[in-house]
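> The structure is given below, and queries will be raised subsequently.
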């Protein structure tokens, strides 16, 4: 499996169309939203404070994520980091290592986008055991801080560079 995490603006027109076809399992929508909400966040923002990335496998988008910097950082994030949002792996491709591939490629693409950042942060629902396990396995560290999110308690996780 050859994959590459590519900035959204570098996708071909056909690949951008196919990003819109990414579907996540209905049970995961409460955690990450859907692709249309993520793409709206990306298109509604001027500048490069929100960046979109698609994981390409065999020329086809199979996953998508957003990274944010000030002024769009959540209030719990540190100013010298970027935050991960809306990580979505197409449900027809789940179980094939694409979530892992996204997280492994993420530090490098984040540093290329914003060379001054010191790490990455994310917030994950405390009951989303699959996501928690994936993040921990890839070296993310639970900060020990939880807060009341929109659907339950959220755990903050960090990945330092």
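Numbering (this note's numbering), first residue to last: 1 to 161.
Note that the Cβ used here is the ideal one computed from N, Cα and C, for glycine as well.
On a predicted model such as this, the values are computed, not experimentally measured, just so you know.
(1) Output yes or no for whether 8 angstroms exceeds the beta carbon distance between residue 19 and residue 54.
(2) Check whether the segment 101–108 touches the segment 122–132, taking contact to mean three or more Cβ pairs, one atom from each stretch, closer than 8 angstroms.
(3) With residue 68 as the anchor, note down where its beta strand (DSSP E) starts and where it stops.
(4) Sorted by chain position, which residues of the same chain lie with C-beta nearer than 7 angstroms to residue 32's C-beta, five sequence neighbours on each side aside?
(5) What's the call for residue 61, buried or exposed, on a 16-neighbour Cβ count within 10 Å?
(6) Name the two residues that bound the continuous alpha helix (DSSP H) containing residue 133.
(7) Of all the options 3, 16, 13 and 51, which has the alpha carbon lying nearest to the alpha carbon of residue 113?
(8) How many angstroms separate the CA atom of residue 80 from the CA atom of residue 1?
(9) Grab me the residues of residue 148's own chain with a C-beta within less than 8 angstroms of its C-beta, minus the 5 sequence neighbours each way, in chain order.
(10) Nearest by alpha-carbon distance to residue 8: which of 115, 160, 63 and 58 is it?
(11) Going by the beta-carbon positions, is the gap between residue 100 and residue 57 smaller than 8 angstroms?
(12) Are residue 82 and residue 117 close, meaning C-beta to C-beta below 8 angstroms?
(13) At which residues does the beta strand (DSSP E) containing residue 95 begin and terminate?
(14) Quick check: what's the CA-CA separation for residue 138 versus residue 13?
(15) Just to confirm my understanding: we take residue 91, look at its own chain, exclude 5 residues before and 5 after, and list those with CB closer than 6 angstroms. What are they?
This is what the structure holds:
(1) Note that the C-beta distance between residue 19 and residue 54 is below 8 angstroms.
(2) Taking 8 angstroms as the limit for Cβ pairs, the verdict is that the segment 122–132 does not touch the segment 101–108.
(3) Run containing residue 68: 60–68, per the beta strand (DSSP E) assignment.
(4) 24, 86, 87 and 88.
(5) By the 16-neighbour rule on beta-carbons within 10 angstroms, residue 61 is buried.
(6) Here the alpha helix (DSSP H) through residue 133 covers 129–137.
(7) Residue 51 is the option with its Cα nearest to residue 113.
(8) Annotation: residue 80 to residue 1 spans about 33 angstroms, alpha carbon to alpha carbon.
(9) Excluding positions up to five away in sequence, the list reads 154.
(10) It is 63.
(11) In this structure, residue 57 does not lie closer than 8 angstroms to residue 100 by Cβ.
(12) Yes, the pair counts as a contact, with Cβ atoms nearer than the cut-off.
(13) No beta strand (DSSP E) contains residue 95, which DSSP labels as neither H nor E.
(14) Distance from the CA of residue 138 to the CA of residue 13, rounded to the nearest whole angstrom, comes to 32 angstroms.
(15) If the five residues before and after residue 91 are omitted, its C-beta is found closer than 6 angstroms to the C-beta atoms of 23, 24 and 25, all from its own chain and listed in chain order.
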